[in-house]
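Asks: Numbering-wise (the working numbering), the sequence shown opens with residue 8 and increments by one.
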Amino acid sequence: QREQDQALAMEKAKTQDGKLVDVFANLASVEDAEQALACGAEGVGLVRSEFLFMDSEKAPSEQSQYEFYSRIAGVFGEKPVIIRTLDIGGDKPLAYLQQGAEENPFLGCRGLRLCLQNVDIFKLQLNALLRARAEHPNLQVMFPMVSTPDELRQAKSLLESCYQVLQHDGVPAAIPDIGIMIEVPAAVANAKQLAKEVSFFSIGTNDLTQYVMAADRGNDAVSYLVSAAQPAVLRMIEMAAQAAHDAGITIGICGEMAGDPKLTATLIGLGIDELSMSPIRIAGVKQAMRTTQSKHAALKAKEILNAETLEQVLAML
Ligand code: PEP
Ligand code: MG
Numbered sequence: 008q009r010e011q012d013q014a015l016a017m018e019k020a021k022t023q024d025g026k027l028v029d030v031f032a033n034l035a036s037v038e039d040a041e042q043a044l045a046c047g048a049e050g051v052g053l054v055r056s057e058f059l060f061m062d063s064e065k066a067p068s069e070q071s072q073y074e075f076y077s078r079i080a081g082v083f084g085e086k087p088v089i090i091r092t093l094d095i096g097g098d099k100p101l102a103y104l105q106q107g108a109e110e111n112p113f114l115g116c117r118g119l120r121l122c123l124q125n126v127d128i129f130k131l132q133l134n135a136l137l138r139a140r141a142e143h144p145n146l147q148v149m150f151p152m153v154s155t156p157d158e159l160r161q162a163k164s165l166l167e168s169c170y171q172v173l174q175h176d177g178v179p180a181a182i183p184d185i186g187i188m189i190e191v192p193a194a195v196a197n198a199k200q201l202a203k204e205v206s207f208f209s210i211g212t213n214d215l216t217q218y219v220m221a222a223d224r225g226n227d228a229v230s231y232l233v234s235a236a237q238p239a240v241l242r243m244i245e246m247a248a249q250a251a252h253d254a255g256i257t258i259g260i261c262g263e264m265a266g267d268p269k270l271t272a273t274l275i276g277l278g279i280d281e282l283s284m285s286p287i288r289i290a291g292v293k294q295a296m297r298t299t300q301s302k303h304a305a306l307k308a309k310e311i312l313n314a315e316t317l318e319q320v321l322a323m324l
């Protein structure tokens, strides 16, 4: 039985009516990458690159980052590997990156905002990614905490100028496909404008939930609001999926909810193309996919979007 389960986890999952949704892994190290592949991951939807930065006392060099990104992309061969640029700030500080004290760190200078204000560190990372991409065409790059098209354009133009410099110096480099995390309500409101600039969206439902509900992910007093199955959050997901598909790009989810098999049918019904999760969740989500009818799931998702309360949503799942 265990061998059978393992064999099923390694197989690509389809819904009963033949719809294919990618099942990817979230990870932060080369060891994780090997484990994720063995768990049946069809790619990597989120490499949390900040862990490499948090593990060392000073910023990792361009060379060590290049080796790190190359090794992870190498483990997956031709399967897509999406590396998220540094997502520091909020609950994740860095000793060597001086940040003024902030009264509201989650509303402060975190993620891409922090990188755009510390371009020296950011450029090292972009160079490393451009060099790793030259050898690994499966490597893609994603920016966290994007709120406006302007931030995205700044990041893309930094990437472009790093590429020009590497080219000029004769260093092998290639520009990867670029995507963004959708985890700020403004990014949902700006989704149409943002979609024109990127190849894919990936919804960070952990942050999106706390920002949509204005409820801290770690505060017990408001935990009743912090669920990605809140109707308000599901409607935001639907809006982002619509905008992505209208623009002809794909949309995934890399927040915790992607690994919850109770939500798999709903997320397929909302039009999500890729689910990225902790590797141990992969077998269960693939199993849930195999019992889903995507047409039925789409109708059901419409009903769920009309729910008034979290309890109603949970009862409908
Ligand atoms: C998210 O916000 O959903 C996410 C995947 O990013 P992180 O949990 O690293 O903030
Ligand atoms: Mg996040």
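Ideal Cβ placement from N, Cα and C applies to all residues, glycine included.
1. For residue 164, does the three-state DSSP call read helix, strand or coil?
2. Checking 8 Å against the spacing of the C-beta atoms, do residue 182 and residue 137 come in under that value?
3. Determine the contact status of residue 389 and residue 289, defining contact as a CB-CB distance below 8 Å.
4. In chain order, which beta strand (DSSP E) runs of at least 3 residues are fully inside the region 257 to 318?
5. Quick check on the burial criterion: 16 or more other C-beta atoms within 10 angstroms. Buried or exposed for residue 189?
6. Figure out for me which residue from 240, 113, 18 and 77 has the closest Cα to the Cα of residue 219.
7. In three-state terms, what does DSSP make of residue 224?
8. Grab the span of the alpha helix (DSSP H) containing residue 251 for me, first residue to last.
9. Counting pairs of Cβ atoms below 8 Å between the region 212 to 231 and the region 299 to 307, do you hit three or more?
10. If you count every other CB in all the chains shown that lies within 10 Å of the CB of residue 324, and 16 or more means buried, which is it?
11. Which residues mark the beginning and the end of the beta strand (DSSP E) in which residue 209 is found?
12. Quick check: what's the CA-CA separation for residue 251 versus residue 231?
13. Would you tell me roughly how many angstroms separate the C-alpha atoms of residue 58 and residue 167, rounded to the nearest one?
14. How about residue 211: is its Cβ closer than 7 Å to a heavy atom in the ligand MG?
15. At the level of alpha carbons, what is the spacing between residue 90 and residue 226?
Replies: Working from what's here:
1. DSSP places residue 164 in helix when its eight states are reduced to three.
2. Result yes, Cβ atoms of residue 182 and residue 137 sit closer than 8 Å.
3. This structure does not reach residue 389, given that the chain is present from 8 up to 324, and the question cannot be answered.
4. Counting only runs of 3 or more, we get 257 to 260 and 281 to 284.
5. Per the 10 Å Cβ criterion, buried.
6. When only C-alpha atoms are compared, the closest one is 240.
7. Correct three-state label for residue 224: coil.
8. In the DSSP annotation of this structure, the continuous segment of the alpha helix (DSSP H) that includes residue 251 starts and ends at 238 to 253.
9. As far as the Cβ criterion goes, the region 212 to 231 does not touch the region 299 to 307, which means the pair count is below three.
10. Exposed is the call here.
11. Looking at the DSSP string, the run of the beta strand (DSSP E) that includes residue 209 is 207 to 210.
12. If I take the Cα positions, the gap works out to 30 Å.
13. Each residue's Cα considered, the two are about 25 Å apart.
14. Yes; taking the cut-off as 7 Å, the Cβ of residue 211 has a heavy atom of the ligand MG nearer than that.
15. Cα to Cα, residue 90 sits roughly 29 Å from residue 226.
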